[in-house]
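Written out below as structure tokens is the structure these notes cover.
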Amino acid sequence: MKDFRYLDETAILRLSEEKCIGCGNCRLVCPHRIFQVRHGKAEITDPNACMECGACATNCPTGAIFVNPDDGCGCAAYIINSWIARVFGKAPSGCGC
Amino acid sequence: MLPKFLQTGKADETMRTVTFSLKERAVLIPLEVCMLWKKLLIALIVFFLVSGISPQIFSFAAGLARSATLLLATLTAILAGTVLTPLLLPWIPFRQFWLKGALAGGLAALLFLFTADVKLHGLALHGLEQLALWLWITACSAFLAMNFTGCTPFTSLSGVEKELRRGLPWQIAAATLALILWVAGPFM
């Protein structure tokens with residue numbers, strides 16, 4: 001995956017140092033290896049590689065990680081449909097992917 | 098890989114490495130193409146209507162002939178944005194997919210116009226129509242390439258939204274201008 005990098009400073013990913021117990025689950029499940037555990041705490045070492053898959057947040061036992069909660073597939077059609085749905089106050093209809 | 102992980106509880110380097118090889122990208126292309134049929138059918142009706150507008154109000158013959166050219170141009174855009182861009186993804190410059198698609202589409206459009214000039218000489222595409230087709234292919238390819246973000250294992254939803262906000266206005270403007278120029282063609 002070293003060949004592929006996406007836009008910098010866009011991914012919504014936050015880690016609460018207070019809540020983190022350093023279990024290392026986030027490091028284990030992240031497909032882009034953006035976490036390291038040092039001195040009993042996880043830290044985000046490469047935030048720009050985050051694809052917001054949410055695996056870290058799902059597997060964090062203490063809820064220390066927050067990732068963009070939108071779980072759409074991420075294609076352009078999905079986002080346009082969700083914009084249109086927001087305008088009309090409806091639930092997003094998806095994109096067919 | 099999963100049974101091994103469940104047995105050992107440890108993830109080795111291979112398990113932790115996500116890949117997106119040429120083969121992995123290629124298998125996604127048929128799905129992307131298949132999802133376009135319905136939109137293409139609707140587009141065909143629009144193509145016929147905008148292509149038939151003429152100094153004699155509406156020409157059925159021109160509608161058929163010119164919409165066929167527009168269809169070929171759209172197929173070129175699909176080839177550029179949905180097939181070539183995913184295949185050549187790591188080698189096309191830019192991180193934003195719509196720029197990758199615009200570059201692939203812009204070059205494919207030039208090739209299309211050159212071929213059309215040779216093969217469809219009877220149509221006598223003039224400058225305005227050529228510009229319209231170039232804009233149309235580039236804009237459509239840019240949008241289609243942007244849609245491929247949903248297939249990749251490295252693009253974030255927030256990133257796609259960001260590039261959509263940047264790229265969509267250009268794509269809409271280019272496509273609108275293309276259709277205006279295409280309609281204006283027979284009046285020149």
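Chains as they are written, first to last, in the numbering used here: chain A, 1 to 97; chain B, 98 to 285.
Think of the CB as a built atom: it goes at the ideal place given N, C-alpha and C, for glycine as much as any other residue.
Which residues bound the alpha helix (DSSP H) around LYS136/B?
134-149
LYS41/A - partner residues in DSSP beta bridges:
ARG38/A
Which whole-angstrom value is the C-beta distance of SER238/B and GLY264/B, which I expect to be below 8 Å?
The pair is not a contact, with the Cβ atoms about 12 Å apart (cut-off 8 Å).
CA-to-CA distance, ILE126/B to HIS218/B, given in whole angstroms
For HIS218/B, the pLDDT reaches just 49, beneath the cut-off of 50, and the residue's location in the model is therefore unreliable, leaving the point undetermined.
Quick one: is THR173/B buried, meaning 16 or more other Cβ sit within 10 Å of its Cβ, or exposed?
buried
Return the residue from the list PHE88/A, ALA76/A, ALA57/A that minimises the CA-CA distance to ASN25/A.
ALA57/A
How long is the line joining the alpha carbons of ALA159/B and SER93/A, rounded to whole angstroms?
38 Å
According to DSSP, PHE155/B sits in a beta bridge with which residue or residues?
ILE150/B
Between which two residues does the alpha helix (DSSP H) holding ILE65/A run?
Element bounds for ILE65/A: not the alpha helix (DSSP H) but the beta strand (DSSP E), 65-67.
Taking C-alpha atoms, which residue in VAL87/A, HIS39/A, CYS95/A lies nearest to TYR78/A?
CYS95/A
Between ILE84/A and SER255/B, is the Cβ-Cβ spacing less than 7 Å?
no
Closer than 7 Å to chain A by CB, LEU274/B
no
To the nearest angstrom, report how far apart PRO47/A and GLU9/A are at their CA atoms.
8 Å
Leaving out five residues before and five after GLU121/B in sequence, what residues of the same chain have Cβ atoms less than 8 Å from its Cβ?
none
Taking the straight line between their C-alpha atoms, what separation do you get for VAL257/B and ASN68/A?
13 Å
Suppose contacts are defined by Cβ-Cβ distances below 7 Å. Is TRP231/B in contact with ALA206/B by that definition?
yes
Express the C-alpha separation of PHE145/B and ALA76/A in angstroms, rounding to a whole number.
27 Å
With C-beta atoms as the reference, is VAL130/B less than 7 Å away from THR179/B?
yes
When you compare the CB positions of ALA140/B and THR182/B, do they come within less than 7 Å of one another, or not?
no
Under three-state DSSP, which class holds HIS218/B?
Bear in mind that the predicted position of HIS218/B carries a pLDDT of just 49, short of 50, making it too unreliable to give a figure here.
Contacting residues, own chain, Cβ-Cβ under 7 Å from PHE102/B (five flanking each side not counted)
ALA108, MET112
Enumerate in chain order the residues of its own chain whose CB-to-CB distance from ALA177/B is below 6 Å, with the five nearest sequence positions on each side excluded.
ALA201, GLY202, ALA205, SER238
Taking all protein chains shown into account, do 16 or more other C-beta atoms lie within 10 angstroms of the C-beta of ARG38/A, making it buried, or fewer, making it exposed?
exposed
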